[in-house]
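Read the structure below first, then the notes.
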Amino acid sequence: MERLARILVPVDGSGASDQAVRFAAILADATGASVDILHVSYFDSSTDADEVSWLPESVAGPIGPEAEKILERAKRLIPDAVIYEAHHRTGSPAQTILDFAEERQSGLIVVGSRRFDALHAALLGSVSTQVLWEAKCPVTVVKENPHPERISC
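Numbering (UniProt numbering), first residue to last: 1 to 153.
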């Protein structure tokens, strides 16, 4: 059996992604794998190159500081014993996660999942669902837990 070498955990700053980071860290610690923390922004300053942005400033404001804040939050959840790298990419989240997993040869993707009501799920879809169905490696979905200090099955 092949050893698990690299775990990808996409983060968005939500409680569900925090729980996914904690779970990925537990797996990494137990297996000796490294963790790639990935935050995906739909756009950044390089994707809106027009002199006058079509986006309002409240939306087009600096993405970099927000992405860094989300990555820093996730990094604080990783114990010192676990080797990790943090990454920021721009694009459609699900496809960017899938591409990144292939590029980095991830052996496992750990995603957090928030509950949507039926209307939101139908209209918005779910990044975790698309990753689950389209990934070429195993995917673990960590459901949002109202008690994040306790990870259990």
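All C-beta atoms, glycine included, are put in the ideal place defined by N, C-alpha and C. Because the structure is a prediction, the values reported are computed rather than measured.
Taking residue i as the reference, give the member of the options with the closest Cα.
i: R3; options: V40, A28 and V11; result: A28
i: A86; options: L38, P79 and L8; result: L38
i: P79; options: A30, E103 and T90; result: A30
i: V131; options: E103, I97 and Q105; result: I97
What does the Cβ neighbour count give for residue i, buried or exposed, with the cut at 16 atoms within 10 Å?
i: R76; result: exposed
i: G112; result: buried
i: I83; result: exposed
i: W133; result: exposed
Do residue j and residue i have their beta-carbon atoms positioned less than 8 Å apart in this structure?
i: A74; j: V11; result: yes
i: A67; j: S41; result: yes
i: A33; j: R6; result: yes
i: I109; j: A135; result: yes
i: I70; j: G15; result: no
Taking the C-alpha atoms as reference points, what is the distance between residue i and residue j?
i: L124; j: G64; result: Unreliable positioning characterises L124 in this predicted model, as indicated by a pLDDT of 45, which lies under 50. The coordinate reading is nonetheless provided below. Rounded to whole angstroms, L124 to G64 spans 25 Å at the Cα level.
i: V127; j: A101; result: 14 Å
i: S35; j: G107; result: This sequence places Val at residue 35; Ser is not what is there. Their backbone Cα atoms lie some 10 Å apart in a straight line.
i: D99; j: R89; result: 11 Å
i: residue 201; j: R114; result: Any property of residue 201 remains undetermined from this structure, which presents the chain solely from 1 to 153.
i: E72; j: L8; result: 16 Å
i: T129; j: C137; result: 14 Å
When the cut-off is 8 Å and only beta carbons count, does residue i lie next to chain E?
i: A101; result: Note that chain E does not occur in the displayed structure, where there is just one protein chain.
Inset, instruction - Spell out a yes or no on whether the segment 137-147 and the segment 12-21 are touching, meaning 3 or more CB-CB pairs, one atom from each, closer than 8 Å. - result: The segment 137-147 vs the segment 12-21: in contact.
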